[in-house]
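S.K.: Handing you a structure now.
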Amino acid sequence: ALSLHKRDIPAVVKLDTQGYRASDAISKDRERIKKDKIVNQNIDNAGNMYLCNVSLGNPAQHLRLILDTGSSDLFCNSASSDLCSSDSSLYCELGTYNASSSSSYKHVNSNFGISYYDGSSASGDYVRDILTIGGATVPNFEFAVAESSSSPGVIGLGYAKNEALINMGGSGYANLPQAMVESGLINSKAYSLWLDDRDTNTGSILFGGVDTRKYSGKLQTLPLVPIHGEYSQFLVNLTDLALDVDGSREETFQSEQLPTLAVLDSGTSSIFLPDSIVSSIYKGLNVTYKSDHGVGYIPCNMANKDIALKFRFGTASISVNIKELFLKQRDTTKLDDNSDPCIMGIHPTGSGTVILGDSFLRSAYVVYDLDNNEISLAKTVFNFSGNGTILEI
1 ALSLHKRDIP AVVKLDTQGY RASDAISKDR ERIKKDKIVN QNIDNAGNMY
51 LCNVSLGNPA QHLRLILDTG SSDLFCNSAS SDLCSSDSSL YCELGTYNAS
101 SSSSYKHVNS NFGISYYDGS SASGDYVRDI LTIGGATVPN FEFAVAESSS
151 SPGVIGLGYA KNEALINMGG SGYANLPQAM VESGLINSKA YSLWLDDRDT
201 NTGSILFGGV DTRKYSGKLQ TLPLVPIHGE YSQFLVNLTD LALDVDGSRE
251 ETFQSEQLPT LAVLDSGTSS IFLPDSIVSS IYKGLNVTYK SDHGVGYIPC
301 NMANKDIALK FRFGTASISV NIKELFLKQR DTTKLDDNSD PCIMGIHPTG
351 SGTVILGDSF LRSAYVVYDL DNNEISLAKT VFNFSGNGTI LEI
């Protein structure tokens, strides 16, 4: 079970996050679902993806990588990769790694190869070098450098069981959560994620601890669900959903597709739910689905309504205000009354996996506990900017 400890100097590392607006994020999301001590780091939110600043090598080479709880490898693009040799690639503006420029670089093997859910892929070398993240240093850290790639660099924070090498039949290595424990930076393979609201450009991830000022109420702990007896994804049991109007009227959606297993995935911007549930949500919120576009459109003025979607996980629940379900991405489509619509961040999953992406995660303070195979959730506190209260996991 999750155990929190107050220390004079907690073993934590904080990493900030920053936003990044990907082109055609909805299509990438839709492709994605078809494949089945403390460090504090800030995160940036530019609308569709969350980025973290890291440094690799000696002297330090600075990169911004996508934060992804749905994969397990840290990979970056080589400065000489085919992707970065192309003038059309914006991804390489986020930073690249040049092995020949680092005095601490060590080659491991050339067995890196990965295909992401959104259809992108990367291949190249596994190497070891110095990683600096959230002001903390991980020496001799193993990561991948892509020479052939169609993806921006990624920080994968999932189970080691989901590493690309293991999926290809090889042996694994200490990915970031494990490497931070082995380096003595944190005391447990656990971290907490706070994305803040959709209009805020930054959030944070706290390795090895929780910040009690960034959530309200108690943390609600859920068991993760193993696949074939092994834990490889952050998979939880979503038992039901309800629409809460004005805090006084609650309508629970009835469906034979509930309960269902759902993946908590920061690398997906939207929420993907069973088709019958999405149909009921669209009807309840006056969403217009355009099959030729593959998205639902909702009047932008609905953001001012006191409406929330409540996600229940047994006895635990998280409410998401309707405003947080709107995507920042816009297009030129008009509604029947000629008004400008907003794009709904909930889509039908079809035969794919149910995913609770950033449109859900922004409203929850989430603790990912890989040691105990648990997730803990609480209602997030938006726009917190003061000094936090840090407890070590």
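Mapping of the sequence shown onto the UniProt record's numbering: residues 1 to 393, in sequence order.
Even glycine gets a Cβ: it sits at the ideal position worked out from N, Cα and C.
1) Note down the Cα distance separating Pro341 from Leu67, rounded to an integer number of angstroms.
2) Check whether the Cβ atoms of Ile205 and Cys52 sit closer than 9 Å, and answer yes or no.
3) Less than 9 Å between the C-beta atoms of Leu241 and Leu258, yes or no?
4) Pull up the distance between the alpha-carbon of Ala179 and that of Tyr105, whole angstroms please.
5) Can you name the start and end residues of the alpha helix (DSSP H) that Val278 belongs to?
6) Hey, Val39 and Leu15 are a contact pair by Cβ (cut 8 Å); roughly how many whole angstroms apart?
7) Looking at C-beta atoms only, is the number of pairs between the segment 191-204 and the segment 353-368 that lie closer than 8 Å three or more?
8) Output the residue ranges of the alpha helix (DSSP H) runs that lie fully inside the segment 132-174 and measure 4 residues or longer, sorted by chain position.
9) Can you tell which of Arg128, Tyr91 and Val354 has its C-alpha closest to the C-alpha of Ser100?
10) Does the beta-carbon of Asn387 have 16 or more other beta-carbons within 10 angstroms, so that it is buried, or is it exposed?
11) Roughly how many angstroms lie between the CA atoms of Ala308 and Thr137, to the nearest whole one?
12) Who are the near neighbours of Ser149 in its chain, counting only those whose CB is closer than 6 Å to its CB and skipping five residues on each side?
13) With H, G and I counted as helix, E and B as strand and the rest as coil, what does DSSP make of Arg312?
14) CA-CA distance, Asn98 and Leu56?
15) Hey, Leu391 and Ile346 are a contact pair by Cβ (cut 8 Å); roughly how many whole angstroms apart?
16) By Cβ distance below 7 Å, which residues in the same chain neighbour Tyr126 in space, the five residues on each side in sequence not counted?
17) Where does Tyr289 sit, in a helix, a strand or coil, going by DSSP?
18) In whole angstroms, what separates the C-alpha of Ser255 from that of Thr239?
19) Among residues of its own chain, excluding the 5 on either side of Leu63, which ones have a beta-carbon nearer than 8 Å to its beta-carbon?
20) Let's test the definition: count the other Cβ atoms within 10 Å of the Cβ of Leu361 and tell me whether it reaches 16, buried, or not, exposed.
21) Skipping 5 residues on each side, what residues in its chain have a beta carbon closer than 6 Å to that of Phe253?
22) Tell me Cys342's beta-bridge partners as DSSP assigns them.
23) By DSSP's criteria, Phe112 is part of a beta bridge. Which residues make up the other side?
M.R.: Based on what the coordinates show:
1) Against the sequence shown, residue 341 aligns to sequence position 341. Against the sequence shown, residue 67 aligns to sequence position 67. So the alpha carbons of these two residues sit roughly 29 Å apart.
2) Translated into the one-based positions of the sequence shown, residue 205 becomes position 205. Translated into the one-based positions of the sequence shown, residue 52 becomes position 52. For Ile205 and Cys52, yes; Cβs fall inside 9 Å.
3) As a first step, residue 241 must be located in the sequence shown, where it is residue number 241. As a first step, residue 258 must be located in the sequence shown, where it is residue number 258. Cβ distance < 9 Å, so Leu241 and Leu258 count as in contact.
4) Translated into the one-based positions of the sequence shown, residue 179 becomes position 179. Translated into the one-based positions of the sequence shown, residue 105 becomes position 105. Approximately 17 Å, taken between the alpha carbons.
5) On the sequence shown, position 278 is the one that residue 278 refers to. Segment Asp275 to Leu285, the alpha helix (DSSP H) holding Val278.
6) Looking up residue 39 in the sequence shown gives position 39. Looking up residue 15 in the sequence shown gives position 15. With a Cβ gap of about 6 Å, Val39 and Leu15 count as contacting.
7) yes
8) Fully enclosed alpha helix (DSSP H) runs of no fewer than 4 residues occupy 164-167 of the segment 132-174, in order along the chain.
9) To locate residue 100, count along the sequence shown from 1; it is residue 100. The residue among Arg128, Tyr91 and Val354 with its C-alpha nearest the C-alpha of Ser100 is Arg128.
10) Translated into positions along the sequence shown, residue 387 becomes position 387. Classification for Asn387: exposed.
11) Locating residue 308 in the sequence shown gives position 308, counting from the first residue. Locating residue 137 in the sequence shown gives position 137, counting from the first residue. Straight-line spacing of the CA atoms in Ala308 and Thr137 works out to 41 Å.
12) Taking the first residue of the sequence shown as position 1, residue 149 is located at position 149. If we look at Ser149 and ignore the five residues flanking it on each side, its Cβ neighbours are Asn77, Ser81, Leu83 and Ala122.
13) Taking the first residue of the sequence shown as 1, we reach residue 312 at position 312. In the structure shown, Arg312 sits in a strand (DSSP, three-state: E or B).
14) By 1-based counting over the sequence shown, the position of residue 98 is 98. By 1-based counting over the sequence shown, the position of residue 56 is 56. Straight-line Cα distance between these residues: approximately 9 Å.
15) Taking the sequence shown and counting its residues from 1, the one referred to as residue 391 is at position 391. Taking the sequence shown and counting its residues from 1, the one referred to as residue 346 is at position 346. At roughly 33 Å, the Cβ-Cβ gap does not stay under 8 Å, so Leu391 and Ile346 are not in contact.
16) Residue 126 sits at position 126 when you count from the first residue of the sequence shown. Contacts found: Val108, Asn109, Asn111, Phe112, Glu142 and Ala144.
17) Counted from its first residue, the sequence shown places residue 289 at position 289. Of the three classes helix, strand and coil, the one that applies to Tyr289 here is strand, per DSSP.
18) Counted from its first residue, the sequence shown places residue 255 at position 255. Counted from its first residue, the sequence shown places residue 239 at position 239. When rounded, the distance between both Cα atoms is 10 Å.
19) Here residue 63 refers to the residue found at position 63 of the sequence shown. These residues qualify, in order along the chain: Asn53, Val54, Ser55, Leu56, Cys76, Leu94, Gly95, Thr96, Tyr97 and Gly153.
20) By one-based count along the sequence shown, residue 361 stands at place 361. Leu361 should be labelled buried.
21) In the sequence shown, the residue the question calls residue 253 occupies position 253. Closer than 6 Å at the Cβ level, and outside the excluded window around Phe253, lie Leu241, Ile277 and Ser280.
22) Here residue 342 corresponds to residue number 342 of the sequence shown, with the count starting at 1. Answer is Ile298.
23) Reading the sequence shown from its first residue, position 112 is the one you call residue 112. Partner(s): Gly124.
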